[in-house]
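Residue numbers for the sequence shown follow numbering that gives the first Met the number 0, so the first one is 0 and each next one is one higher.
Below is one structure, written out as structure tokens, with a few remarks after it.
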Amino acid sequence: MFKTAKEFSFDMAHMLDGHDGKCQNLHGHTYILQVEITGSLHETGAKKGMVMDFADLKAQVKTHILDKMDHAFIYDTTSERESQVAQLLNQLNSKTYGIPTRTTAEEMTRHIYNVLKTQAQLPISLVRLWETPTSYCEYSE
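Laid out in structure tokens, this is it:
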């Protein structure tokens, strides 16, 4: 069994409503996303010797994650305060992306994993999300 990974970078803003520190304020990060897939090598055809072509993995992550999250305000759809910020941004034609949970690194990592597994149907084995150069979270099942 092989593990293959690709790394991506994107920028996104968020806030943590109810947090007891400075992250309760609207702020942004340059995230580093690492996506790992697991599988056997293709035995024939154009992809022979690969688990998955890196270009195909890149295209799936771009479609399902980066196009939606890059330069967006990600917000917790269950938070009234964050939803109000998102509504205002939408009225100003700014990009938003809502998830039904707090937008911590942990919850975003799990969300990305689940999207890539269910919507992109990738053989995903691990997602690692770096929120700062010294802080990351990883999720796998």
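Cβ atoms here follow ideal geometry from the backbone N, Cα and C, with glycine treated the same way.
These numbers were taken from a predicted model, which means no experiment stands behind them.
Starting from the C-beta of Lys116, find all residues in its chain whose C-beta is less than 6 Å away, skip the five residues before and the five after it, and write them out in chain order.
Once the five neighbours on either side are set aside, the close Cβ partners of Lys116 are Ile123.
Rounded straight-line distance, which links the Cα of Ile31 to that of Thr133
Rounded to whole angstroms, the separation of the alpha carbons of Ile31 and Thr133 is 11 Å.
Nearest to Asn89 by CA position, among Arg101, Pro99, Thr100 and Tyr74, is which residue?
Nearest to Asn89 by C-alpha distance, out of Arg101, Pro99, Thr100 and Tyr74, is Tyr74.
Between the alpha carbons of Gly38 and His28, how many angstroms are there, rounded?
For Gly38 and His28, the gap between their C-alpha atoms comes out near 32 Å.
What's the gap between the Cα of Met51 and the Cα of Ala12?
Roughly 31 Å separates the two Cα atoms.
Among residues of its own chain, excluding the 5 on either side of Glu35, which ones have a beta-carbon nearer than 6 Å to its beta-carbon?
Here Glu35 has Lys2, Ala4, Ser124 and Leu125 as same chain residues with Cβ atoms under 6 Å from its own Cβ, once five neighbours each way along the sequence are excluded.
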